[in-house]
Structures are given as C-alpha cells and as structure tokens.
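Student: One structure, pasted below without further comment.
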DNA sequence: GCCGCTGGTTCAACAATAGGGCCAGCACTC
DNA sequence: GAGTGCTGGCCCTATTGTTGAACCAGCGGC
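Protein chains in written order, with the numbering used here: chain V, 1 to 364; chain L, 365 to 728.
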C-alpha cells in the first residue's frame, strides 16, 4: 500500500501547476491569481499557497502590480529532482541517546518515508564543539540534504545555521535572538511546576540537578525552577543548582557537596533520565532512601523509568505526538511555506509517582 | 487544465481502498479501522468515512465485534505484484520493548530499505496468546508481506508458522522440533558462564531470576544456569530459580520469598534488563547493598544499565552486528535460498562491573 | 487626477480532519 | 461465568485547511 503524498488542496494544486509549467502551458506570465482561483475552483488564498511553493522552487517570480512571471526554464528545476533527504544531527550514536529521542527520530523517519523523503542520521561530537563552523560547512557540503534537523543543539550550531541560511528545524529550544523554527517540551513550565509540587509537599530546601551543557532547554529549566521557588509564597525556601555531564562520575561529583552539607536538600529535580538512574543508585549507596530521606522528580521521561521502585514522579511525553508535530513543521521547512511560526511548546503530563513525599518532620 | 476530482482525504482514501480491494490485497477481512488509520495516516473518523463509501458500494460489510468483511471478489489471484514488505511481530509497543531490541529492529529497517524492502511492525499481545492461530491467520490475510520476523516468539507461534509454511525468520531461539531459521544470543552459554563467574568468586547460594514466559531463550537460560552450578566442582552450591513477568510487581513477588529465607542467596543472575532495574531498586528499598550484601549479574544488556551505580556485570551485545546477521538470514528467506541452516548463536562479550564481588565472610 | 488591473495581507466563518472517549458485540483465557 | 482485549458504532472537542471577503500598495493606461 502506497500512501497518497499530497493531501491538502494547496499541495495538489502545486503539483498540478508544476506540471502545467513543465508542459509550457504559459509563456511570460501566469494567469492572475484571481483567474487561477476561478479556473482551479479554489480560493485565492489556497492558490496563493500553491504559488508560494513554486516561488520557493524558483519557478515563478511574482511582481506586484503585474503578475507572476514564469522564470526561464533554463535550469530544469534542480531543486525538484534533488535527492529528497533530510539530515538529522545527533551528538552521540543513536544507541546512546535517550530511548525517547531514538523513538521519535525513528517515527519521524517512518513518516518522512511516506512523504517521499529519507532521513539520514549524522552523528558526531565535532558538530557540537564550541566552534563547529568547519565541521558543519564540510558536512553540508558533503551531504546536500533538503533540510536539517538539529537535536540537542548548541548555541554555536544554531547561529551557524542562521548565518548560513540552510533550511533547518531545531528539535529543542532555541537561544534568544536565534530565529529558527523549533519545537520542544516546555522545560521552563515543567521545572516551575516541579518546584511548586515539592513546595506544596512541604519541602523548603530544593535543588535542581541540571546539565552542564547550557543547552537552551537546560537554561529554561533553570529559569523555571528558580521562578517556581522564588515566586512562591514560601520565602524561606531555598533553591540550589548543581551540574552534571550526563555521566555517572559527574553526577556523583555534583551530588556529593549537596549531600555533605549540614542541611542537605530534601528534594531534587533531576534533568536527564540517565542522570536520574545514577542519582537514585548513588543515593542508595549512601544509604539514603527515596522518598523517605529525599524526594526525587525526573524532568525527563523514558520507558525504563517505569521499572524503578519507587516509580519516579515525572513528566511523561508521547514520542508519537512529538514526531507528528516535527513532521508537520519539517514539511513547512521543506516546502518553504512562508508563514512558519514556531508553535506552542509541548507541555508533558505530570505523573505523580512514589519518589516524592512530604519531608521528614523537622526537616522541612 | 483538468481539475483534480477528489479533494478530501476521505475520498482519496476511498479511491485507494477500492484499488486495493480490486487487487485482492486482503482476504476475508480488512485490517481493523484502527490499524488502517495508522497505516494510512489518517484519523479513524476519516477512514470510516472512506469505508462508508465502500460499504455503500456493497464492496465491504462491517460486522460489529469482528471487522469489515470483504464481499465477494474471491480473488484467487493475489500477490501478483506483491509489495516488497517484511512484517515484524512484537508483543508490545516498540517504546516498551527493551531499547536494544528497538535498536536492531530499527537498523534492520534501514538495511532493508537499501534492499528495496519495507519493514512493517505489527504489535499485539494476541499474537502471543496460547492459541494464536486465529489472530495470526487474520494477520497474514490482512498483510501480505513477503516474509515475517518473529521476536520474543512463543512455541505456539513458531509451530503455527511451521504448519502454515509462511516464510519466516525467528529473531530468538527456536523450540525443540521447530525447524525455522533463527538467530539469537547463546543464552545457555551466557547463564552457564554467569554461574561459573559467581562460583569462582566464592558464592554458593545462587539464584536465577528468570522470565516466566517460557520462551525458548529463557528455557535455554535456565538449562545453562543449572548446568553451570551442578556440573561445577562445588557440590555444595545450590541453584534456585524464581520467575517474573517483566513488571515491577512480579519481580517483587519473585524476590520476596528468596530474600526472606534464613539463608538467602548471595548472588543473582537476572534475565531482562528492566527486571534488573527493578531488582536493584527493590534491594535498595530493603536496605541491601550491591555488591556487598548481594551480587548481581544482568543476563541482558541495554544502554541505560551504564548509568547505574555500581555498573552491572553483564553480557554486552552490539545491535549492529545482530541486525546485519538478521538481514543476511532474512534475504535468504526472501529469496528462498535452499540451504538455509541457522548459523551459530551469538556469544556476547562478558563485562565485569561493580555489581559482583566475593560474598561476605561466613556467607559463602 | 481617475480607473482597473496586479500581487500582499489580514480576518472571521466554515468544513474537514485529528484524536480522544465511551459503548455494545464477539472471541478467547482463566 | 467473569474478565480481558479486540472489533465496529457513535460522540465530542480542538486543530487545521479552506473559503470568501475586505483592504492595501504598485503598475499601466486614460
């Protein structure tokens, strides 16, 4: 079973118009949009959406007051028979990424196949270094994909793609002043909410175990967490932040000074579910019990968290909905639909687990 | 210029479905509306609208509780230009499978695309029930794939495929007297080796926390584990076996009687890395420390195990090599190469971690 | 200046679709 | 016989695509 590719009327019209252009139906100028709207029996808005795609392909050039000029068929539309591929940048082998990320990338791959595109995964730490220009320049020179998807992207990467003007979609948050289309979880809201949950339970010494990488989502997490604590009605509440690098050792290093204090925090919010695993097992090694001695919230979700005891209080995401949204945005990038405004962020569903409870008496 | 006739998605789907019916794609019953909705990537409402048109044409007849029956058209000319697709059977949504399994399936999918085949994933508990004949018959009637890949397959499934003679490859071990091509890890050798490692460390009361499902690989695990203990030079060594169902509660139920004994085991081998997570956190809840109080070995590997402290002693597999081997076997099945004898099993690499040590004095 | 045409932009109203939930009927397991 | 999990049938709401209209700025001819 093969899927029908272009479902919207606008896309169907674009296909049809492309065909007419190729046949040489019109010389010099296209019929006016109002005329096309009548003959094609579609509203002018819809016709304009179709014409927008042709314009993006360089087939026509609209001139205000005159009409849509047919661009010389000198080049046989190389943009059209270009290999329809999309590149995805990831920092690590897909097997080392969090399963949830692998899941939505996988699903996006399937969805793109149905649209006639192929997804190629490019993995490499060097794209994520402080000055990735060389590596990226070489990459997109070697792999002429129709568009790029950036996961876990750094600020330098995002800025490079803006400067370079290569069609791209950020899977994650963008940095201030970076105007790329993007889609992400609302980490700010998540961490603000998490702080509120812990405060309501009676905790007053909170800490966020955040990632050191300073990615946009992590910065947002930090902001949200601090907002949640400081804008609360509990002026005696304190918020600490410690940083890890996703590996066991760095989590241990981040955790140690917090726990060695005279008054250690009674509740932690942990970024990255791998780090949650490390945290939970490190606490167990120190003889601390979750949640009696310390409450835990996982900012991120992953299937394996469901096998832990107690079940982590966390924010659950459906990789399917994420992939669908990424697809629709990606198609906008690919078809260069003009009105590409990044949509609202995804707010995952809070799931109370057994890893949180009120602090021990005298501790709050 | 000709107008495009069917603009709504529902009409397009109706046209497409009519074509499939005429081709004789389906025998007896259409795929369920929910499945069609997924494969056609349209909402069930839209699919139902399309099916309504077919029903009005008398092509299908919906039966509540059963499905949409194909009327007449006893097309005995199926699969003329059969789509080159391969079906994979999995018991649960791919997101709930172990990440390592998802990884090799994903990689196999990519490899098959290069060979011109498409991989379709069919998920459902009912294919794994005690008598799956009905569900399987219906499945392969609805989805005429060129070959099938069985993961986590039960004995009844394997026997059904043998009887039915459908081209198929078992990703896993086969049961005795089932002569299907297959490829798997050598669980018997793994568990025999694991028992030997623990015995050499000085443990004498060992236990295997095995899966209840009695899948071929689990049966092999049990045999290998018992061999490892009983054929050792330590005649005082004991081997217990407890069963879990992959979920937290059943792991807890399996663990409790073992640990409540007067002389609980000092070392465990755990099947399924999710169960390893559950075990580790349940032990922590009881105040038992790994490895000082009890040693753990994970029979299975998965990326998230690397985030645990202490690092689990385990047997590591590379999903890439597994996928490559699966591809070559699958191509033999697809091309019906006569000499198809299943190759040697894959023996993963033993990796000593921090979760095993010699038993406490007086315990061994 | 006027007019009538062109594309560019915005808007509210509407229809199609997506994505749920809930129900009754059927087959299988326990 | 109770329980589970599938099926189609039906309902609801949110989102999205589409419509049809308005108004603007630019161009050419009168």
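Just so it is clear, CB atoms sit at the ideal spot from N, CA and C, and this is done for glycine as well.
Given the structure is predicted, the values throughout are model-derived calculations rather than measurements.
#1: Just to make sure I have the definition right: I need the residues of chain L whose C-beta is within less than 7 Å of the C-beta of residue 149 (chain V). Which are they?
#2: Pairing CB atoms from the region 661-672 of chain L with CB atoms from the region 633-647 of chain L, are three or more of them under 8 Å?
#3: Mind checking residue 712 (chain L): buried by the 16 CB within 10 Å criterion, or exposed?
#4: Going by beta carbon distance, what residues of the same chain come within less than 7 Å of residue 9 (chain V), once the five residues before and after it are set aside?
#5: Of the choices V:170, V:60, V:168, V:280, whose alpha-carbon is the least far from that of residue 248 (chain V)?
#6: Looking at chain V, which residues of the region 665-685 of chain L have a Cβ within less than 7 Å of any of its Cβ atoms?
#7: Might you give, ordered along the chain, the residues of its own chain that have their beta carbon closer than 8 Å to the beta carbon of residue 700 (chain L), omitting 5 neighbours on each side?
#8: With contact counted as at least three CB pairs below 8 Å, one residue from each stretch, are the region 501-519 of chain L and the region 486-493 of chain L in contact?
#9: What is the residue span of the alpha helix (DSSP H) that residue 349 (chain V) lies within?
#10: For the beta strand (DSSP E) holding residue 586 (chain L), just list the boundary residues, first then last.
#11: Between the alpha carbons of residue 30 (chain V) and residue 59 (chain V), how many angstroms are there, rounded?
#12: May I ask which residues mark the beginning and end of the beta strand (DSSP E) holding residue 295 (chain V)?
#13: Using CA atoms only, rank isn't needed, just tell me which of V:50, V:27, V:21 is closest to residue 14 (chain V).
#14: Verify whether the separation of the beta carbon atoms of residue 115 (chain V) and residue 268 (chain V) is less than 8 Å.
#15: Establish whether the CB of residue 332 (chain V) and some CB of chain L are separated by less than 8 Å.
#16: What separation, rounded to the nearest whole angstrom, lies between the Cα atoms of residue 146 (chain V) and residue 564 (chain L)?
#17: What three-state label does DSSP hand residue 700 (chain L) in the structure shown?
#18: If I measure Cβ to Cβ from residue 192 (chain V) and keep anything under 6 Å in the same chain, skipping five residues before and after, which residues do I get?
#19: The beta strand (DSSP E) spanning residue 240 (chain V) covers which residue range?
#20: Quickly, what does DSSP pair residue 536 (chain L) with across the bridge? List them, please.
#21: Check whether the region 540-553 of chain L touches the region 594-610 of chain L, counting contact only when three or more Cβ pairs, one atom from each stretch, lie closer than 8 Å.
#22: First and last residue of the alpha helix (DSSP H) that includes residue 248 (chain V)?
#23: Is it buried or exposed for residue 573 (chain L), if we count other Cβ within 10 angstroms and need 16 for buried?
#24: Could you check the C-alpha separation between residue 235 (chain V) and residue 85 (chain V) for me, to the nearest Å?
#25: Quick one: what's got a C-beta closer than 6 Å to residue 238 (chain V)'s C-beta in the same chain, skipping five residues either side?
#26: If you follow the beta strand (DSSP E) that residue 426 (chain L) is in, where does it begin and where does it stop?
#27: Identify the contact partners of residue 460 (chain L) in chain V, using a Cβ-Cβ distance below 8 Å as the criterion.
#28: Starting from residue 603 (chain L), find everything on chain V with Cβ-Cβ shorter than 8 Å and list it in chain order.
#29: How far does the alpha helix (DSSP H) with residue 107 (chain V) in it extend, from its first residue to its last?
#30: Taking 8 Å as the threshold (beta carbon to beta carbon), is residue 357 (chain V) in contact with chain L?
#31: Who pairs with residue 68 (chain V) in a beta bridge, going by DSSP?
#32: Within 10 angstroms of its Cβ, does residue 457 (chain L) collect 16 or more other Cβ (buried), or is it exposed?
#33: Against chain V, does residue 466 (chain L) count as a neighbour if the rule is that its beta carbon must be under 8 Å from one of theirs?
#34: Quick one: Cα of residue 329 (chain V) to Cα of residue 148 (chain V), how far?
#35: Which of the residues in the region 624-642 of chain L, read from start to end, lie with their CB under 7 Å from any CB of chain V?
#36: For a contact meaning CB atoms closer than 7 Å, what does residue 9 (chain V) contact in chain L?
Tutor: Taking the geometry as given:
#1: Those do not exist, as residue 149 (chain V) stays about 17 Å from chain L at its closest Cβ, beyond 7 Å.
#2: At 8 Å Cβ cutoff, the stretches touch.
#3: Residue 712 (chain L) comes out buried.
#4: Closer than 7 Å at the Cβ level, and outside the excluded window around residue 9 (chain V), lie 42, 46.
#5: Answer by Cα proximity: V:280.
#6: Cβ contacts with chain V: 667, 668, 671, 672, 673, 683.
#7: Within the same chain, Cβ atoms closer than 8 Å to the Cβ of residue 700 (chain L) are found at 531, the five residues on either side in sequence being excluded.
#8: Contact holds: three or more Cβ-Cβ distances are below 8 Å.
#9: Per DSSP, residue 349 (chain V) lies in no alpha helix (DSSP H); the unbroken beta strand (DSSP E) holding it starts and ends at 349-351.
#10: Counting along the chain, residue 586 (chain L) falls outside any beta strand (DSSP E), though it belongs to the alpha helix (DSSP H) covering 580-594.
#11: Each residue's Cα considered, the two are about 11 Å apart.
#12: If you look at residue 295 (chain V), you'll find it in the beta strand (DSSP E) that goes 295-298.
#13: Here the closest residue by C-alpha is V:50.
#14: Result no, Cβ atoms of residue 115 (chain V) and residue 268 (chain V) do not sit closer than 8 Å.
#15: Contact with chain L is absent for residue 332 (chain V), since none of that chain's Cβ atoms lies less than 8 Å from the residue's Cβ.
#16: Looking at the two C-alpha atoms, the distance is approximately 58 Å.
#17: Three-state DSSP puts residue 700 (chain L) in coil, outside helix and strand.
#18: Cβ neighbours of residue 192 (chain V) beyond the five flanking positions: 224, 227, 228.
#19: Per DSSP, residue 240 (chain V) belongs to the beta strand (DSSP E) from 238-244.
#20: Beta-bridge partners of residue 536 (chain L) (DSSP): L:547.
#21: Under the three-pair Cβ rule at 8 Å, the region 540-553 of chain L does not count as touching the region 594-610 of chain L.
#22: From DSSP, the alpha helix (DSSP H) with residue 248 (chain V) extends over 248-260.
#23: Classification for residue 573 (chain L): buried.
#24: Looking at the two C-alpha atoms, the distance is approximately 53 Å.
#25: Sequence-distant partners of residue 238 (chain V) (beyond 5 residues in either direction) whose C-beta falls short of 6 Å from its own C-beta, in its chain, are 205.
#26: First-last of the beta strand (DSSP E) with residue 426 (chain L): 424-427.
#27: In chain order: 303.
#28: Neighbours of residue 603 (chain L) on chain V: none; closest Cβ ~25 Å, over 8 Å.
#29: Annotation: the continuous alpha helix (DSSP H) that includes residue 107 (chain V) extends over 99-114.
#30: For residue 357 (chain V), no Cβ of chain L is located within less than 8 Å of the residue's own Cβ.
#31: According to DSSP, which records beta bridges pairwise, residue 68 (chain V) is partnered with V:62.
#32: Exposed, by the Cβ-count rule.
#33: When Cβ-Cβ separations below 8 Å define contact, residue 466 (chain L) makes contact with chain V.
#34: Going from the Cα of residue 329 (chain V) to the Cα of residue 148 (chain V) covers about 12 Å.
#35: Taken in chain order, the members of the region 624-642 of chain L whose beta-carbon sits within less than 7 Å of a beta-carbon on chain V are 638, 641, 642.
#36: Within chain L, 371 have C-beta atoms less than 7 Å from the C-beta of residue 9 (chain V), given in sequence order.
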